[in-house]
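This report concerns only the one structure given below.
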Amino acid sequence: MSFNVTEIREDFPILNQKIYNRPLVYFDNAATTQRPQQVIDALTKTYTEYYGNIHRAAHFLADKATAAYEETREKARALINAETREQIIFTKGTTESINLAAFSFGEAFIQEGDEIIVSEMEHHSNIVPWQLMAGRKGARIVMLPVDDDGRLQIEKLESLITSRTKLITVAHVSNVLGTINPIKQIAQIAHSRGVRIFVDGAQAVPHLKIDVQELDVDFYAFSAHKMYGPNGVGVLYGKRELLEQMPPYQGGGEMISEVKFSGTTYNELPYKFEAGTPNISGVIAFGAAIDYLQALGIAAVSSWETELLNYATAQLIQIPGLRIYGTQAEKSGVISFNVEGVHFFDLGTMLDKLGIAVRTGHHCADPLMDHFEIQGTVRASFAFYNTKEEIDVFVEALKKVISMF
Ligand code: PMP
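Heads up: the sequence shown begins at 1 in the working numbering, then just goes up one per residue.
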């Protein structure tokens, strides 16, 4: 183990409590993570010391808030190795990042009859905004299928690309299967055919080292709340030449250069896409979350989470009637499973009564559920603050619950 989990856990006050009189085991990290005291302190400090509306006022508090807000933009840039800070657009989360990109890319580049390839393992938030855009523009959505191991069938990609294909959109890491998709390879295939690539990185940025230049992706989206930061903050990264050509997503303050009734001109990047007062304190505290992750080291985080994944998987596959969905070697710390004869909802509810937080249901991935012909799964998802002892507690609890059915 490359870092001290016991020490790390002391930074997370919420983890140190009992639920139904049992020590909390928090295995719902793919839904949202918990925050270290450093992030909570950054939020409090913003509100108690230097809160003001950013970019517009000529006073001390606003200047300080602006500087802190813009500092996070630089931290986010460095985190994913974006070329410039102007390519980091703050949104309220991955969902808004995708809606922004789908709308504005659609307006700029999609014509009637064009095609968008969407992978079968996508979260609804990386399907529906593209469907909405396709509906508006008369474009078509084409599905890139997964196989029964939860692997994306990349070999089918070439044949799905036509002269009308404009974009492929895919999750870097599946929130259901944990599958880590070969983004660099997909980007190469797409670009070789003149197709753009959008990557939903919501489940990747908290767990993997991301380099958007090395991956050579056109867009990349992620959420702060899944990476130990505040909720209501997200990022859209885009290649500059695309962002420059795309029209604003929302109108309002901040995104304009000059407003006249005869016509309005727009602000430069990234402000063109940041209409209105943003989540100022949230973005500032997001900077503290990035600092926290960087101090731990993403490589160390990844390797500990892989150890947890392997430790849990080895025990779970011993349980008769248990099936894991997503068995790819390249996998992040997410385990979705069902147990024969027991409804996933009952499993989740009874685990909760034993102090264990997991997720049950379709995980906002109906097409993937249809692929496996299931209604849902139980999902346990790990973060760097989880321990092997917690996995032991979880596995014992699971066996106990199963034995009751
Ligand atoms: N994509 C994936 C892969 C996700 O896991 C999630 C969150 N469950 C989202 C998108 C949406 O993220 P948010 O709710 O933060 O906008």
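Heads up, the beta-carbon is just placed ideally off N, CA and C, and yes, glycines get one too.
In the DSSP assignment, find the alpha helix (DSSP H) that holds residue i and state where it starts and stops.
| i | result |
| --- | --- |
| alanine 68 | 60 to 80 |
| valine 494 | Lying before the first or after the last residue shown, residue 494 is absent from the chain, which here runs from 1 to 405. |
| phenylalanine 394 | 388 to 403 |
| arginine 9 | 5 to 9 |
| threonine 349 | 344 to 353 |
| arginine 240 | 240 to 245 |
| valine 39 | 37 to 49 |
Considering just the uninterrupted stretch of the beta strand (DSSP E) at residue i, what are its terminal residues?
| i | result |
| --- | --- |
| alanine 221 | 219 to 223 |
| alanine 380 | 377 to 381 |
| serine 104 | From DSSP, serine 104 is part of no beta strand (DSSP E) but of the alpha helix (DSSP H) over 94 to 109. |
| phenylalanine 90 | 88 to 91 |
| threonine 360 | 359 to 361 |
Using the rule of at least 16 other Cβ atoms within 10 Å of the residue's Cβ for burial, across every protein chain shown, is residue i buried or exposed?
| i | result |
| --- | --- |
| glutamate 340 | exposed |
| arginine 22 | exposed |
| serine 125 | buried |
| asparagine 16 | exposed |
| glutamate 10 | exposed |
| methionine 404 | exposed |
| histidine 59 | exposed |
| tyrosine 50 | buried |
| phenylalanine 261 | exposed |
| glutamate 396 | exposed |
| aspartate 147 | exposed |
| glutamate 155 | exposed |
| leucine 61 | exposed |
| glutamine 87 | buried |
| alanine 365 | buried |
| valine 101 | A small correction: the amino acid at residue 101 is alanine; valine does not occupy that position in the sequence shown. Under this definition alanine 101 is a buried residue. |
| glycine 150 | buried |
| valine 358 | buried |
| methionine 1 | Its pLDDT being 46, under 50, methionine 1 is placed unreliably in this model, and the coordinates cannot settle the point. |
| phenylalanine 103 | buried |
| isoleucine 98 | buried |
| glutamate 115 | buried |
| glycine 113 | exposed |
| serine 332 | buried |
| glycine 251 | exposed |
| serine 159 | exposed |
In terms of DSSP beta bridges, what is residue i paired with?
| i | result |
| --- | --- |
| leucine 322 | Val339 |
| methionine 369 | Beta-bridge pairing links methionine 369 to no other residue. |
| glycine 314 | First, the amino acid is wrong: residue 314 is alanine here, not glycine. BP columns for alanine 314 are empty, so no partner. |
| proline 23 | Lys18 |
| isoleucine 141 | Ile116 |
| aspartate 28 | Ser381 |
| tyrosine 237 | Ile88, Tyr220 |
| lysine 331 | Thr179 |
| isoleucine 356 | Val25 |
Legend entry - contact_flag[the stretch 176 to 190, the stretch 323 to 334] where n(CB pairs < 8 Å) is 3 or more: Contact between the stretch 176 to 190 and the stretch 323 to 334 is present, with at least three C-beta pairs closer than 8 Å.
Inset, instruction - Determine, using beta-carbon pairs with one atom in the stretch 272 to 291 and one in the stretch 125 to 133, whether at least three such pairs fall under 8 Å. - result: A contact is defined here as three or more CB-CB pairs under 8 Å, and the stretch 272 to 291 fails this definition with respect to the stretch 125 to 133.
Legend entry - Cβ contact check for the stretch 157 to 172 and the stretch 180 to 192: 3 or more pairs under 8 Å: The stretch 157 to 172 is in contact with the stretch 180 to 192.
Legend entry - Three-pair Cβ contact test at 8 Å for the stretch 215 to 228 versus the stretch 27 to 37: As far as the Cβ criterion goes, the stretch 215 to 228 touches the stretch 27 to 37, which means the pair count is three or higher.
Inset, instruction - Could you tell me which uninterrupted alpha helix (DSSP H) segments, each at least 4 residues in length, are contained entirely in the stretch 149 to 216, listed from first to last along the chain? - result: Here the runs fully enclosed are 157 to 160, 183 to 192, 212 to 215.
Inset, instruction - Report yes or no: do three or more beta-carbon pairs, one from the stretch 85 to 93 and one from the stretch 306 to 317, lie closer than 8 Å? - result: The answer is no - the stretch 306 to 317 does not touch the stretch 85 to 93, with fewer than three Cβ pairs under 8 Å.
Inset, instruction - Pick out the complete alpha helix (DSSP H) segments inside the stretch 251 to 306, 4 residues or longer, and give them in chain order. - result: Here the runs fully enclosed are 280 to 296.
Inset, instruction - Determine contact between the stretch 353 to 362 and the stretch 192 to 208, defined as no fewer than three beta-carbon pairs at a distance below 8 Å. - result: When C-beta atoms of the stretch 353 to 362 are compared with those of the stretch 192 to 208, fewer than three pairs fall below 8 Å, so the two segments do not count as touching.
Inset, instruction - Determine, using beta-carbon pairs with one atom in the stretch 114 to 121 and one in the stretch 138 to 147, whether at least three such pairs fall under 8 Å. - result: Judged by pairs of C-beta atoms under 8 Å, the stretch 114 to 121 touches the stretch 138 to 147, as three or more such pairs exist.
Legend entry - Inter-stretch contact at 8 Å, needing at least 3 Cβ pairs: the stretch 256 to 271 / the stretch 315 to 324: Under the 8 Å Cβ criterion, the stretch 256 to 271 does not count as touching the stretch 315 to 324, having fewer than three qualifying pairs.
Legend entry - Meets three-Cβ-pair contact criterion under 8 Å: the stretch 40 to 49 and the stretch 285 to 293: Yes, they touch.
Inset, instruction - Name all residues in chain order for which at least one heavy atom of the ligand ADP lies closer than 5 Å to the residue's CB. - result: In the structure shown, the ligand ADP is absent; the only ligands present are the ligand PMP.
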